[in-house]
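Top to bottom, those sequences are chains A and B. Following the numbering used here, the numbering of the first sequence begins with 1 at its first residue and continues without gaps. Following the numbering used here, the numbering of the second sequence begins with 1001 at its first residue and continues without gaps. The beta-carbon is built from N, C-alpha and C at its ideal position, and this holds for glycine as well.
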Amino acid sequence: MTKRRSKWYVDFFRAGFYHDWALAERFERAEREAEFIVEALGVPAGAAILDLCCGEGRHTVALARRGYRTTGLDLSALHLRHARRAAREAGVAVRWHRADMRDIPWQGEFDAVINMFTAFGYFESDEEDGKALDAAARALHPGGRFLLDTINRDWLMRNWEARGWREREDGTLDLEDRRFDPASGRNRVRVISVQPDGTRDERHIDLRLYTLKELTGLLASAGLAVRRTWGGFDGRDYSIDSRRMIVLAAKEGVA
Amino acid sequence: MTARTVKGTMDFYEDAFYRVAPQQLTAERQEAEVKLIVRALELPPGARLLDLGCGYGRHAILLAQRGYAVTGLDLSRTSLRVARRSAREAGLRVRWLRRDMRDVPPADYFQAAICMGAFGVLETDEEDAKALAAVRRALQPGGRFLLDHKNREW
């Protein structure tokens, strides 16, 4: 009997890693990013916003703080536990829902859906990724907005490093071994963390990197028409030299 | 034939290309490319071969020298004039066709086709795809197609 291997994105976000690795200063940054998100979406005060793959809810909470009716959806129970606590500490009401991003249970409910910090391209095929966009489109009102923030593949290719490392404040080393597969457009990363006491932990990322052209096509198939692009949360233009690829699309139809 | 994009591209191939190309496309490079073409396509001797966007015949002529029955197709008059002259000087028989790459005759004829750096010039992905569909029609069943293109990621 073979044990069925869990999905990489379930494994990657399991206990005691992502929380320490990603979060501390990113909560502060999320406050600034929320300003950009609100302006980019152009939704009225108090609008209903779904944070698709909300993680620990840093944008969800920042938007709730600004008076938006926010919902955070994520697959990780652990993330949502942290998110609930963050909302409680901020004194804001947020609706949280645990689900796969392809299984958004609402229809025609939101003025905007956001998908931040490279939370797209997780599934094993473009078709499956497309199902998440279909679900996001269904969740929107006609004319509703969809904002996606991800790594800029063109930038990554131009600045490719097969290996990299960083050191956390507690001395833990994160080592990355990256392999880009051009035939599938997937970036496969082995992330090895070595704690100061020598404990070693290994996780994997297997991410489909979309070009802007590919993503525009996938969005169009879901009924989402690209309206604008940016290359960063400071509002810079998207180009091959920008680290981020931020895409604003609108659901067809009139609100 | 359509639009400005192709027109602009064609202007380039009717003129500037010939001032730039010979410096970059050296004889050594041409030989190496032709070796790869022959190996990749696994061509039987005397095979019928289409060179799509053949330019001034830099591959077509070397392949004709190796005994293949080569057809060179290009939209540029200047290119084909140069190609014709080169083939004549080398005493080689090559069939030259001045046509749009979306319009390849005849059907079910070629055992292999190549497109060396001449793809992606049309104004939309759909139009580029029409050129590929034309290649498919022109090839015999099981025929091979070799495309050499800039590596976008590089």
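Looking at D51/A and G72/A, is the spacing between their C-beta atoms short of 8 Å?
yes
Compare the C-beta of M157/A against all C-beta atoms of chain B and say whether one is closer than 8 Å.
yes
Can you round the beta-carbon distance between A34/A and L63/A to whole angstroms, since I take them to be within the 8 Å contact cut?
5 Å
So M1116/B is in the beta strand (DSSP E); what residue range does that whole segment cover?
F1110 to M1116
Quick one: is G1053/B buried, meaning 16 or more other Cβ sit within 10 Å of its Cβ, or exposed?
buried
Extract the residue ranges of the beta strand (DSSP E) inside the region 108-166 of chain A, only unbroken runs of 3 or more that lie entirely within it.
110-115 and 140-151
Extent of the continuous alpha helix (DSSP H) to which R84/A belongs:
A77 to A90
Cutoff 8 Å: P182/A Cβ touching any chain B Cβ:
yes
Ends of the alpha helix (DSSP H) at K1035/B?
A1027 to L1041
E1153/B touches chain A at which residues, Cβ-Cβ below 7 Å?
M157 and P182
Within 10 angstroms of its Cβ, does K251/A collect 16 or more other Cβ (buried), or is it exposed?
buried
S193/A - DSSP class collapsed to helix/strand/coil:
strand
Out of A1032/B, L1041/B and L1025/B, which has the shortest C-alpha to C-alpha gap to G1142/B?
L1041/B
Helix, strand or coil, according to DSSP, for E257/A in the structure here?
Look at the range of chain A in this structure, 1 to 255, and you will see that residue 257/A is not part of it.
Suppose only complete runs of 3+ residues qualify. What are the beta strand (DSSP E) ranges in the region 1048-1098 of chain B, listed by chain order?
1048-1052, 1069-1074 and 1095-1098
With a threshold of 16 other CB atoms inside 10 Å of the CB of Q1111/B, please say whether the residue is buried or exposed.
buried
At the level of alpha carbons, what is the spacing between R65/A and L147/A?
19 Å
Leaving aside the five residues before and after T2/A along the sequence, list all residues of the same chain whose C-beta is less than 7 Å from its C-beta, in chain order.
Annotation note: pLDDT 47 at T2/A (below 50); position unreliable, coordinate value reported separately. There are no such residues.
W165/A, buried or exposed, once every other Cβ within 10 Å from all chains shown has been counted against 16:
exposed
Buried/exposed call for T150/A, threshold 16 Cβ in 10 Å:
buried
Could you tell me which of Y1109/B, A1107/B, D1100/B and A1138/B sits nearest to R1077/B, measuring between CA atoms?
D1100/B
Sorted by chain position, which residues of the same chain lie with C-beta nearer than 8 Å to L1062/B's C-beta, five sequence neighbours on each side aside?
Q1030, E1031 and V1034
Span of the beta strand (DSSP E) holding R98/A?
R95 to R98
Nearest by alpha-carbon distance to A183/A: which of Y210/A, E28/A, F12/A and Y9/A is it?
Y210/A
Between the CA atoms of V38/A and H46/A - distance to the nearest angstrom:
The sequence as given places Gly at residue 46/A; His does not occur at that position. Going from the Cα of G46/A to the Cα of V38/A covers about 11 Å.
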